[in-house]
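Enquirer:
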Amino acid sequence: MSIDKEKMIQMFATMTRIRQFETKLQEFFAAGKIPGFVHLYIGEEAVATGACATLRDQDYITSTHRGHGHLIAKGGDLKRMMAEIFGKRTGYCKGKGGSMHIADVELGILGANGIVGGGGPIANGAALASKYRGNDRVVVCFFGDGASNQGTTQEALNLASAWRLPVVFVNENNGYGISCPTCKSMAVADIADRAAAYDIPGVVVDGNDVTAVYEAVGEAVKRARTGDGPSLIECKTYRWRGHFEGDACVYRDDCELEDWVKKDPIPRFEKKLQAEGILSVEKAEAIRKAIAAELDAAIAFAEQSPLPEASEILEDVYA
Amino acid sequence: MAMKTYLQALNDALRQEMERDPDVFILGEDVGQFGGCFGVTQGLFKQFGEARVKDTPITESAIIGAATGAAATGLRPVCEIMFVDFIGVCMDQLFNQAAKMRYMFGGKAKIPMVLRAPQGAGIGAAAQHSQSLEAWFLHMPGVKVAMPSTPEDAKGLLITAIRDDNPVIFLEHKMLYGIEGEVPDEAIAMPFGQAAIRREGRDVTIVATSKMAHTALEAAETLAADGISAEVIDPRTISPLDTQAIVDSVKKTHSLIVAHEAVKTGGVGAEIAAQVAEAAFDYLDAPIIRIGAPFTPVPFSVPLEQAFIPSAADIVKAARRLRG
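So the sequences go chain by chain: P and A.
Numbered according to my numbering, the first sequence spans residues 1 to 319.
Numbered according to my numbering, the second sequence spans residues 1001 to 1324.
1) When burial is assigned at 16 or more other CB atoms within 10 Å of the CB, is N1166 of chain A buried or exposed?
2) Below 6 Å CB to CB, which residues in the same chain sit around W240 of chain P once its five sequence neighbours on both sides are set aside?
3) Are the stretch 188-204 of chain P and the stretch 7-21 of chain P in contact at 8 Å, needing three or more beta carbon pairs?
4) Helix, strand or coil: which one does DSSP assign to A1230 of chain A?
5) Could one say the Cβ of T1056 of chain A lies closer than 8 Å to chain P's Cβ atoms, at least one of them?
6) On the criterion of 16 or more Cβ atoms from any shown chain inside 10 Å, does M1008 of chain A qualify as buried, or is it exposed?
7) So for P181 of chain P, helix, strand or coil by DSSP?
8) Would you kindly work out how many angstroms separate the C-alpha atoms of I233 of chain P and A1273 of chain A, rounded to a whole number?
9) State the Cα-Cα distance for the pair V116 of chain P and F143 of chain P, rounded to the nearest angstrom.
10) Rounded to whole angstroms, how far is the Cβ of M1212 of chain A from the Cβ of P1310 of chain A, which I believe are closer than 8 Å?
11) At the level of alpha carbons, what is the spacing between H1254 of chain A and L1217 of chain A?
12) In angstroms with no decimal places, state the Cα-to-Cα distance between P121 of chain P and E106 of chain P.
13) Please say whether A1208 of chain A and H1129 of chain A have beta carbons closer to each other than 8 Å?
14) Where does the unbroken beta strand (DSSP E) through P1118 of chain A begin, and where does it stop?
15) Within 8 Å (strictly less), CB to CB, does A156 of chain P reach chain A?
16) For R1015 of chain A and F1170 of chain A, what's the separation of their Cα atoms in angstroms?
17) How about the stretch 1080-1087 of chain A and the stretch 130-143 of chain P: do they share at least three Cβ pairs that are nearer than 8 Å?
18) Taking C-beta to C-beta, are I1238 of chain A and M1147 of chain A nearer than 8 Å?
19) Which bits of chain P does P1141 of chain A rub up against, with CB to CB less than 7 Å?
20) Could you tell me which whole beta strand (DSSP E) segments of length 3 or greater appear in the stretch 252-317 of chain P?
21) Starting from P1299 of chain A, trace the alpha helix (DSSP H) in both directions and tell me its first and last residue.
22) Have a look at the DSSP bridge pairing and note the partners of K1004 of chain A.
23) Can you grab the Cα-Cα spacing for the pair I1139 of chain A / V1268 of chain A, in whole Å?
24) For the stretch 150-164 of chain P and the stretch 58-77 of chain P, state whether three or more C-beta atom pairs, one from each stretch, are separated by less than 8 Å.
25) Kindly indicate if chain P contains any beta-carbon less than 8 Å away from that of K1108 of chain A.
26) Have a look at A:P1191, A:G1178, A:P1141 and flag the residue whose alpha-carbon is nearest the alpha-carbon of D1164 of chain A.
27) Per DSSP, which residues does R332 of chain P bridge with? Please list them.
28) Report yes or no: do the stretch 1042-1053 of chain A and the stretch 1069-1077 of chain A share at least 3 C-beta pairs separated by less than 8 Å?
29) Please list, in chain order, all residues of the same chain as G36 of chain P whose beta carbon is under 7 Å from its beta carbon, the five residues on each side excluded.
30) With a threshold of 16 other CB atoms inside 10 Å of the CB of L314 of chain P, please say whether the residue is buried or exposed.
31) Counting only the same chain and skipping the five closest in sequence on each side, list residues whose C-beta sits under 8 Å from that of G1266 of chain A.
32) Over the uninterrupted alpha helix (DSSP H) stretch that includes G1269 of chain A, give me the two end residues.
33) Cα-Cα, which of A:I1162, A:V1168, A:L1157 is closest to G1142 of chain A?
34) By how many angstroms is the C-alpha of P1022 of chain A removed from the C-alpha of K1155 of chain A?
35) Could you tell me which residues DSSP pairs with C1079 of chain A in its beta bridges?
36) Check the Cβ of G36 of chain P against every Cβ in chain A and list those closer than 8 Å, keeping chain order.
What follows is the structure, encoded as structure tokens:
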């Protein structure tokens, strides 16, 4: 699959946007500026970016507790995201959801999810609606290696395959379910092998190679859109940070992280784009600067926004 | 109006709403050609076809999740959980996903779905197919809970449930499927949160849900012979709950019995008793009496199962204690 240059540059910018956003959150959390839990996506940017770059605006995604990258890649507004994470009234959820529950139904983002494995069955529902209405909207369901062991995920894969629903199950295998390495939580080496149980394509890709993700997910999206049903794409990647900010990561060696930092998906893609003459050093720098400015504006917006009033607590329980 | 069974009334509501709104569809285990475990969806597969009456695998989380996702993206699914007892295998999709999506997303989603489920004891189905679990759902912000006791209510409340923009848990009592009553031919939505006064009385208020409303009427008849005039109130929906109707009645009768088939401990009766105590304590002449099942799983053998289900005699005894 050939990827046009504009798309390549866009993907570089998206990965950079996610990295900068998450790095800022890391600082803010350390400084005590953010309440609650924060699960950072640093190191995994190529997965959300490559996958969402294959989608149209009206397509859907379901996300996870580690969802900021997915939301940004699907077009989420940094201002409203940052405001939500700060617990502000101007945030995506008016301060009622926080990091783990950001959603923008109009952008097709059916929500991050605090429950591991919670998104699969819901992704099917959106795909069912697409099929029911006879439009060709596709759903990408992001889920982790931990979620791949949940019954809900297996139920969702089964139903999607039985009903040939237009869902692409994008597994982000970052090696750990909280502290537990995948070698202790499953006997299979590749989660994609489980696709065989549902008679759907199962593909393993290098999750730190954004073009590989784009190509594999793109192929699956095409299948889904033309009525050929779901696929399972396993993206092998790594989370640089702990499960949550504050996690001391006693369960893994520093050298393991160092090895993965060498495989950082962003400089790797940038070098490739430079070598192919698609992105100059100056252009890359200009993109980084523009995103930094965009992020500064989002932070200022979040900081200056009002907190919700206690009286708003009863709003939005019912439609 | 025509005489119909509770089951036919439910079937009518589904059919008429599906005829009215192409976004309404049904999914669940054996709801298609088979017509549903108890027959509620009979004939709908034939009329509307496979795309709108969907048989699912026996995977309840996948059912509720599919309904939730379809509702979030604009459809109006009515899903059937074959026995309410199976809710345990899919509770997360209901209470952490469907019920909370709107709130968590700051009001930017709506989840117009109905979850129908039969509940209740009386057919010897034992501990995993006979429970009344409405208290679990009452404790769940974001969902509404309907418990129809008559054919007319079954139809009217189901129509409202389908048209509501929130997840509605619709609890049918399996022992009521065969009862008959007058049911309007047209699709008339019956408002939620409006209790029905099934019998007017002066001396004691009996609030009774679902099948227990019938038991309470039977008790009221016996009490009338004793010269005790009982008022029977059927809340019809427990979330929202028509507290006002109950309080108004208590202000008149000065005594309250709350009866349900669910286990008494932590039941809906406890909530109603507490609300009345908060709102009308000074009007009460005697302590509130709760009637519910004993704190056991539902037993199998007939004498045990009958001992589990609260009876009219239990209500009569309680009323005599209050007014004796």
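Don't be surprised by glycine CBs; every beta carbon is placed ideally from N, CA and C.
Expert: Based on what the coordinates show:
1) Burial call: buried.
2) Cβ-Cβ distances below 6 Å link W240 of chain P to I42, G43 in the same chain, with the five nearest sequence neighbours on each side left out; the list follows chain order.
3) Result no; under three Cβ-Cβ pairs closer than 8 Å.
4) Residue state for A1230 of chain A is assigned as strand, using DSSP reduced to three classes.
5) Yes - at least one Cβ of chain P is within 8 Å of the one on T1056 of chain A.
6) With the sequence shown as reference, residue 1008 of chain A is identified as Gln, and Met is not the correct amino acid for it. Classified as buried, Q1008 of chain A has 16 or more neighbouring CB atoms from the shown chains inside 10 Å of its CB.
7) Looking at P181 of chain P - three-state DSSP - the assignment turns out to be strand.
8) C-alpha separation (whole angstroms): 54 Å.
9) Between the alpha carbons of V116 of chain P and F143 of chain P lies a gap of roughly 8 Å.
10) That belief holds up - the Cβ atoms of M1212 of chain A and P1310 of chain A are roughly 7 Å apart, short of 8 Å.
11) Just so you know, the alpha carbons of H1254 of chain A and L1217 of chain A end up roughly 19 Å apart.
12) Approximately 20 Å, taken between the alpha carbons.
13) Contact flag unset, no.
14) Counting along the chain, the beta strand (DSSP E) containing P1118 of chain A begins and ends at 1114-1119.
15) A156 of chain P has a beta carbon lying within less than 8 Å of a beta carbon in chain A.
16) Rounded to whole angstroms, R1015 of chain A to F1170 of chain A spans 16 Å at the Cα level.
17) Output reads no: the stretch 130-143 of chain P does not touch the stretch 1080-1087 of chain A.
18) Contact: yes.
19) Close to P1141 of chain A, with beta-carbon spacing below 7 Å, are these residues of chain P in chain order: V317.
20) Counting whole runs of 3 or more residues, the stretch 252-317 of chain P contains no beta strand (DSSP E) stretch at all.
21) Segment: none, P1299 of chain A is in no alpha helix (DSSP H) and carries neither H nor E.
22) The bridge partners DSSP lists for K1004 of chain A are A:G1181.
23) Contrary to the premise, residue 1139 of chain A reads as His rather than Ile in this sequence. Approximately 9 Å, taken between the alpha carbons.
24) The stretch 150-164 of chain P, when compared against the stretch 58-77 of chain P, does not touch it at the 8 Å Cβ threshold.
25) K1108 of chain A counts as touching chain P.
26) For the residues A:P1191, A:G1178, A:P1141, the minimum Cα distance to D1164 of chain A belongs to A:P1191.
27) A query on residue 332 of chain P cannot be resolved here, the shown segment of chain P reaching from 1 to 319 and no further.
28) Touching, no.
29) Same-chain partners within the cutoff: G98, S99.
30) By the neighbour-count definition (other C-beta atoms within 10 Å, threshold 16), L314 of chain P is an exposed residue.
31) Here the set comprises A1135.
32) Per DSSP, G1269 of chain A is one residue of the alpha helix (DSSP H) stretching across 1268-1280.
33) Answer by Cα proximity: A:V1168.
34) In a straight line, the C-alpha of K1155 of chain A is about 19 Å away from that of P1022 of chain A.
35) DSSP output for C1079 of chain A lists A:L1027, A:L1115 as bridge partner(s).
36) Within 8 Å of the CB of G36 of chain P, no CB atom of chain A is found; the nearest one sits about 13 Å away.
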